[in-house]
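Q: The listed protein sequences correspond, in order, to chains D and U.
For what it's worth, this note's numbering labels the leading residue of the first sequence as 31, then goes sequentially.
For what it's worth, this note's numbering labels the leading residue of the second sequence as 1038, then goes sequentially.
In this text, a Cβ means the ideal position worked out from N, Cα and C, and glycines have one as well.
I have a structure here, written as structure tokens, and I will follow up with some questions on it.
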Amino acid sequence: MNAPDVGKIVRAPKTPRLDHVLITEMVEAGSRVLDVGCGDGELLQLLTERKGVDGRGVELQRDKVNACVARGLSVIQGDADRDLDNYPDQAFDYAILSLTIQATRQPKTVLENLLRIGRRAIVSFPNFGHWHVRTKLLFTGRMPVNDNLPDAWYLTPNAHLCTIRDFADLCALVNADVEQAVAFNAYGARLPIRWSLSMQNLFGEKAVFLLHGPKPEATTSLT
Amino acid sequence: MTAAPPDLIAPVTRRYSEVHSPSSPVARFDASAPLRLACQQDLAPFSIAYETYGELNAAKSNAILICHALTADQYVASPHPITGKPGWWDNMVGPGKPIDTDRFYVICSNVLGGCMGSTGPASIDPKTNAPYGLNFPLITLGDMVEAQARLIDYLGIDQLFAVIGGSMGGMQVLEWASRFKDRVFAAVPIATAAWHSSQNIAFHEVGRQAVMADPEWKGGNYHAAGTVPRNGLAVARMAAHITYLSEEALHRKFGRNLQDRSEKTFSFSADFQVESYLRHQGSTFVDRFDANSYLYITRALDYFDLRENAGGVLANAFRGTKTRFCVVSFTSDWLYPTRESREIVQALNAVAANVSFVEIESDKGHDAFLLEEPTFFATISGFLNAAAVKRGLAAPKEVS
């Protein structure tokens, strides 16, 4: 018999994805985390190693789920659009969606579910308001293809691309409070916090939002 | 009554000797500690035959219980005493294998109602000094698990590191995790379901009717009559065996190929390879399995519905669990399809349990869980390694 990866503990890569680093900085040590769309488990591994979290993952692609479980992560094969309904309220400290929301069928429902399942939600996404995207569309009249959006329009899994402004609007629509919003440019540098949303929206290639939903305690105390 | 020819008697004699004095160790529980069954009868005395592999550590924290499927037994990784074939999960269990007997103490017991040394319908009823036959009480998967728990007590083990099983074994895993939440650190239900579907009950009924229609069954008293319902049990096995495979696997293995002949014979002899294969499966099964055991165990499966004792809501069966779960299904398994595993996963998510769920791509049908599937093996060893680290057990040697 030869089972691949038997006994191997796979470590997170030495230079993790920048949005993963930012997310890891936002997460409190030892918390319970659900990573929706966890891919091959890179972020979960990073969170486990750096923050000692109790992490779970959901991933659509079967081979990625297998890779996660084979490396010892608690991951289920499932769908952000379909399988989040089963989780109870506030079951996790953080519900994370990294570079996945744009590929879901119902981003609003998914976000509402994240805010319900987690005491906090962290969402990262590619910013379609980035100047490069805007100029590409303006001057070539074609959908942009770059490192951040690597697939042609007819191949991309992305169904609901949005800008930082659009996402901020969605947060307001679902009554989510934005605790922190970080954008970074194509070189991986964090944009200055004091920049306006318009500037972040123009120069940020990706963004990470730390959110929490409307607090049920607050409404109780008012009555 | 005509005497059966000697080549039929020999395996039957061997089989009966395994019922009464099995080749494996046996835990005997006397009349002072009867087993209260779901049907409200007390069973006493009763015996549970079991095999162990590897060594129990000083803290008794490295024990894995493997639960077997409908027609398997305790010989998970050692040769079968009747057929001489290797253990039924020999590729999975052993030194350096995914269920590594160098690191874990592996226990596998014959289920209650079985015929390989645990008390079942072929055992002697102390009231009559004759085999129970149909006087054996109807048992459930819960009863099987309660009997196993007695064995685990007897072995002096408080908490099992893992309970693992496929098919009916997976249902026992779910019963364990539901009934004994503190005694199961990790649970691996494979190719299974939380209740038996209508289609599965239907297939079982076909099998049981085939056994009972065999005149040699003698109303269940074939032991006393000196007969064996060979034909009925073989047909039951043939029908069931089809459900363990997939259309694709059958087609690849046999196609429409003829068996040892170049032309169709225009008769009912086994012209096709697939017929010959099924007949062989049927007849070898009869040599090692008791017909009444087959009736009782299929009935226990039909009765299985984990929701029943949970107010109709599966999630309630797992409420409060701290067990780490790894649910596995196979794409081509139509006996316990992925959908049914997903129901288990959804129930576990609803109680925020620690659960992994993997669907393995395979065209080999339900029996894929018994075969060498590298991604399946990687899943099991990866899950067990991570759980072992959490349990404070030694990491595998490869890890620095």
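Answer with yes or no whether the minimum CB distance from Gln-1383 of chain U to chain D is below 9 angstroms.
A: Closer than 9 angstroms to some Cβ of chain D, the Cβ of Gln-1383 of chain U qualifies, so yes.
Q: How about the segment 1167-1177 of chain U and the segment 1083-1095 of chain U: do they share at least three Cβ pairs that are nearer than 8 angstroms?
A: As far as the Cβ criterion goes, the segment 1167-1177 of chain U does not touch the segment 1083-1095 of chain U, which means the pair count is below three.
Q: Within 9 angstroms (strictly less), CB to CB, does Gln-132 of chain D reach chain U?
A: Taking Cβ atoms only, chain U never reaches closer than 9 angstroms to Gln-132 of chain D, which makes this a no.
Q: Apart from the five residues just before and just after Leu-1211 of chain U, which ones in its own chain have a Cβ nearer than 8 angstroms to its Cβ?
A: Once the five neighbours on either side are set aside, the close Cβ partners of Leu-1211 of chain U are Ala-1224, Pro-1226, Thr-1229, Ala-1231, Leu-1343, Ala-1354, Ile-1381.
Q: Would Ser-1378 of chain U pass as a contact of Phe-1420 of chain U if the rule is Cβ separation under 9 angstroms?
A: Not a contact, by the Cβ cut-off of 9 angstroms.
Q: Comparing C-alpha positions only, which one of D:Ala-206, D:Arg-195, D:Val-204, D:Pro-244 sits nearest to Ala-237 of chain D?
A: Out of D:Ala-206, D:Arg-195, D:Val-204, D:Pro-244, D:Arg-195 has the C-alpha closest to the C-alpha of Ala-237 of chain D.
Q: Considering only their Cβ atoms, is the gap separating Asn-1294 of chain U from Gln-1310 of chain U smaller than 9 angstroms?
A: Contact flag set, yes.
Q: Go ahead and label Asn-231 of chain D buried or exposed: buried means 16 or more other beta carbons lie within 10 angstroms of its beta carbon, across all protein chains shown.
A: Counting Cβ neighbours within 10 Å, Asn-231 of chain D comes out buried, since at least 16 surround it.
Q: What number of angstroms, rounded off, separates the C-alpha of Asp-1190 of chain U from the C-alpha of Phe-1066 of chain U?
A: Taking the straight line joining both Cα atoms gives about 11 angstroms.
Q: Could you list the residues in the segment 67-80 of chain D with a C-beta less than 8 angstroms from some C-beta on chain U, going in chain order?
A: Cβ contacts with chain U come from no residue of the segment 67-80 of chain D.
Q: Do you know how far the Cα of Arg-1325 of chain U is from the Cα of Val-1049 of chain U?
A: Answer to the nearest angstrom: the Cα atoms are 8 angstroms apart.
Q: In the segment 1162-1247 of chain U, which residue ranges form an unbroken alpha helix (DSSP H) of at least 4 residues, counting only runs that do not cross its ends?
A: As far as the segment 1162-1247 of chain U is concerned, its whole alpha helix (DSSP H) runs of at least 4 residues are 1178-1191, 1205-1216.
Q: Could you tell me the alpha carbon to alpha carbon distance between Tyr-1331 of chain U and Ile-1194 of chain U, rounded to whole angstroms?
A: Approximately 30 angstroms between the Cα atoms of the pair.
Q: Kindly identify the DSSP beta-bridge partner or partners of Thr-1089 of chain U.
A: The partner list for Thr-1089 of chain U (beta bridge, DSSP) reads U:Ile-1144.
Q: Give me the Cα-Cα distance between Tyr-1053 of chain U and Leu-1188 of chain U, rounded to the nearest whole angstrom.
A: Cα-Cα distance, rounded: 23 angstroms.
Q: Using a beta-carbon distance cut-off of less than 7 angstroms, what residues from the segment 1167-1189 of chain U approach chain D?
A: Per Cβ criterion, the list is empty.
Q: Decide if Gly-1179 of chain U is buried, meaning its Cβ has at least 16 other Cβ atoms within 10 Å, or exposed.
A: Gly-1179 of chain U should be labelled buried.
Q: Throw me the rounded Cβ distance for the Val-1272 of chain U and Ala-1247 of chain U pair, which I believe falls under 8 angstroms.
A: That belief holds up - the Cβ atoms of Val-1272 of chain U and Ala-1247 of chain U are roughly 4 angstroms apart, short of 8 angstroms.
Q: Residues of chain D with CB under 8 angstroms from Ser-1369 of chain U, in chain order?
A: Those within 8 angstroms of Ser-1369 of chain U in chain D number zero; the least Cβ separation is about 13 angstroms.
Q: Ile-126 of chain D to Val-1143 of chain U, Cα distance in whole Å?
A: Roughly 38 angstroms separates the two Cα atoms.
Q: Does the separation of the CB atoms of Glu-142 of chain D and Val-204 of chain D fall below 9 angstroms?
A: Contact flag set, yes.
Q: Output needed in chain order: residues of the segment 1386-1398 of chain U with a Cβ under 8 angstroms from some Cβ in chain D.
A: Here the close residues are Asn-1386, Ala-1387, Val-1388, Ala-1389, Asn-1391, Val-1392, Ser-1393, Phe-1394, Val-1395, Glu-1396, Ile-1397, Glu-1398.
Q: Would you verify that the beta carbon of Val-1364 of chain U is, or is not, closer than 9 angstroms to some beta carbon of chain D?
A: At least one chain D Cβ lies under 9 angstroms of Val-1364 of chain U.
Q: Taking contact to mean 3 or more Cβ pairs, one atom from each stretch, closer than 8 angstroms, check whether the segment 100-119 of chain D and the segment 74-83 of chain D are in contact.
A: Taking 8 angstroms as the limit for Cβ pairs, the verdict is that the segment 74-83 of chain D does touch the segment 100-119 of chain D.
Q: Could you please tell me which residues of the segment 47-64 of chain D, in chain order, have their CB closer than 7 angstroms to any CB of chain U?
A: Against chain U - using a Cβ distance shorter than 7 angstroms - the segment 47-64 of chain D contributes no residues.
Q: If you draw a straight line from the C-alpha of Arg-47 of chain D to the C-alpha of Met-1129 of chain U, how long is it?
A: Looking at the two C-alpha atoms, the distance is approximately 37 angstroms.
Q: Check for me: the beta strand (DSSP E) holding Gln-210 of chain D runs from which residue to which?
A: Looking at the DSSP string, the run of the beta strand (DSSP E) that includes Gln-210 of chain D is 207-214.
Q: Does the Cβ of Tyr-10 of chain D have 16 or more other Cβ atoms within 10 Å, making it buried, or fewer, making it exposed?
A: Residue 10 of chain D is absent from the structure shown; chain D starts at 31 and stops at 253.
Q: Spell out the partners DSSP gives Pro-156 of chain D in its beta bridges.
A: The partner list for Pro-156 of chain D (beta bridge, DSSP) reads D:Lys-236.
Q: Would you give the residue range spanned by the beta strand (DSSP E) that Leu-64 of chain D belongs to?
A: Note, Leu-64 of chain D: beta strand (DSSP E), 62-66.
Q: Residue range of the beta strand (DSSP E) that Arg-1361 of chain U falls in?
A: It spans 1361-1367 - the beta strand (DSSP E) in which Arg-1361 of chain U sits, taken as one unbroken run.
Q: In chain D, what lies closer than 7 angstroms to Ala-1423 of chain U by C-beta?
A: Simply Gly-102.
Q: Provide the residue(s) that pair with Glu-1396 of chain U in DSSP beta bridges, ordered along the chain.
A: Answer is U:Ser-1366.
Q: Looking at Ala-1159 of chain U: is its Cβ nearer than 9 angstroms to the Cβ of His-1260 of chain U?
A: Cβ atoms of Ala-1159 of chain U and His-1260 of chain U: closer than 9 angstroms.
Q: Under 8 angstroms, with one C-beta from each stretch per pair, do the segment 105-124 of chain D and the segment 86-97 of chain D reach the 3-pair mark?
A: The segment 105-124 of chain D, when compared against the segment 86-97 of chain D, does touch it at the 8 angstroms Cβ threshold.
Q: Compare the C-beta of Ala-151 of chain D with all C-beta atoms of chain U and state if any pair is closer than 9 angstroms.
A: Chain U, which has no Cβ nearer than 9 angstroms to the Cβ of Ala-151 of chain D, makes this no.
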